[in-house]
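Protein chains in written order, with my numbering: chain E, 20 to 100; chain C, 275 to 405.
A quick write-up on the structure given underneath.
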């Protein structure tokens, strides 16, 4: 584990999580959640869990984002918080 | 002071895991929009996965793929040199279960939107009480 990269990616993970919850647009929230999942994928590969990393990249960052975008297009983009 | 800094840096993964868990719990409780609540639930799940993967990390360990595999079966394997793969295998299942719960939650949110024409929780509650 290379710890400077680990610290940087962990900080980016928290920033992406707060951004996904703070943005006032559901499509933006789903895209930021996809970037959060991708940061998590980088984190798993830094920590040596390569199998978890590629599962997260395909299932977490791929399928979850598609689900969120499909659900937002079937409902509404507007949100109050 | 340097003692404190080294303590914080050495357990940075665990601090961030607690932070992410609290962010997810906050979103599930406080946020008014149903999709934001589902995002919070997913952040909570990945925080738990982060905790379990952080348990398996070893200082100076390599990834859990065996060296000297084919043709050198008499080579001695040192298990200390490899990162512990057991939490990884458990968390693979957790990621797949997380996507399944996400799909069910979003399907329920779409059904609620079709019935009440809103995703905000207080408006849904007002319509339910008004009937």
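Backbone N, C-alpha and C fix where the C-beta goes; we use that ideal spot for every residue, glycine too.
(request) Indicate whether the contact test is met: 3 or more Cβ pairs, each with one atom in the stretch 71-82 of chain E and one in the stretch 365-374 of chain C, closer than 8 Å. (result) A contact exists between the stretch 71-82 of chain E and the stretch 365-374 of chain C.
(message) Please identify, using Cβ separations under 7 Å, the residues of the stretch 370-398 of chain C that lie next to chain E, in order along the chain.
(response) Listed by position, the residues of the stretch 370-398 of chain C near chain E (Cβ gap below 7 Å) are 370, 373, 376, 377, 380, 383, 384, 387, 393, 394.
(message) Is residue 52(E) near the ligand ZN - that is, is its Cβ less than 7 Å away from at least one heavy atom of it?
(response) Absence of the ligand ZN is noted for the structure shown, with no ligands found whatsoever.
(request) Could you tell me which chain E residues have their CB closer than 9 Å to the CB of residue 320(C), listed as they occur along the chain? (result) Residues of chain E passing the Cβ test: 32, 36, 55, 56, 59, 75, 79.
(request) Can you give me the Cβ contacts of residue 54(E) inside the same chain, cut-off strictly under 6 Å, excluding the 5 residues immediately before and after it? (result) Cβ neighbours of residue 54(E) beyond the five flanking positions: 35.
(request) Return no unless some Cβ of chain E is closer than 8 Å to the Cβ of residue 342(C). (result) No - not a single Cβ of chain E is within 8 Å of the one on residue 342(C).
(request) For chain E, find out if any of its Cβ atoms is closer than 8 Å to the Cβ of residue 353(C); answer yes or no. (result) Not an interface residue.
(message) Which of the three DSSP states is assigned to residue 388(C) in this structure?
(response) Helix at residue 388(C).
(message) Is residue 71(E) close to chain C? Criterion is C-beta to C-beta, closer than 8 Å.
(response) At least one CB atom of chain C sits nearer than 8 Å to the CB of residue 71(E).
(request) Report the neighbours of residue 47(E) on chain C: residues whose CB is nearer than 9 Å to its CB, in chain order. (result) Per Cβ cutoff of 9 Å: no residues; residue 47(E) is ~11 Å from chain C at best.
(request) May I ask you to verify whether the stretch 336-350 of chain C touches the stretch 276-286 of chain C, counting CB pairs closer than 8 Å and requiring at least 3? (result) Because the criterion of three Cβ pairs below 8 Å is not met, the stretch 336-350 of chain C and the stretch 276-286 of chain C do not touch.
(message) Please confirm whether residue 297(C) has its beta-carbon closer than 8 Å to some beta-carbon of chain E.
(response) Interface annotation, residue 297(C): in contact with chain E, CB-CB separation under 8 Å.
(request) Using only alpha-carbon positions, find the residue among 308(C), 346(C), 335(C) that is nearest to residue 354(C). (result) The candidate whose alpha carbon is nearest that of residue 354(C) is 335(C).
(request) Go through its chain and collect everything with a Cβ distance to residue 351(C)'s Cβ below 7 Å, but skip five positions before and after it. (result) Answer for residue 351(C): 340, listed in chain order.
(request) Kindly indicate which three-state DSSP category residue 98(E) falls into: helix, strand or coil? (result) In the structure shown, the three-state DSSP call for residue 98(E) is coil.
(request) Check residue 394(C) in the structure and name its three-state DSSP category. (result) In the structure shown, residue 394(C) falls within a strand segment according to DSSP collapsed to helix, strand and coil.
(message) Please report the straight-line C-alpha distance between residue 67(E) and residue 51(E), rounded to a whole angstrom.
(response) Here the C-alpha atom of residue 67(E) lies approximately 25 Å from the C-alpha atom of residue 51(E).
(request) Evaluate the contact criterion for the stretch 311-325 of chain C versus the stretch 284-296 of chain C: three or more CB pairs, one atom per stretch, below 8 Å. (result) Yes: at least three Cβ pairs fall under 8 Å.
(message) Checking 8 Å against the spacing of the C-beta atoms, do residue 309(C) and residue 301(C) come in under that value?
(response) Cβ distance not < 8 Å, so residue 309(C) and residue 301(C) don't count as in contact.
(request) Could you tell me whether any Cβ in chain C is nearer than 8 Å to the Cβ of residue 52(E)? (result) Between residue 52(E) and chain C, the shortest Cβ-Cβ separation is below 8 Å.
(request) Using a Cβ cut-off of 9 Å, pull out every chain E residue sitting near residue 286(C), in sequence order please. (result) One finds 22, 25, 26, 29 in chain E with Cβ atoms closer than 9 Å to the Cβ of residue 286(C), taken in chain order.
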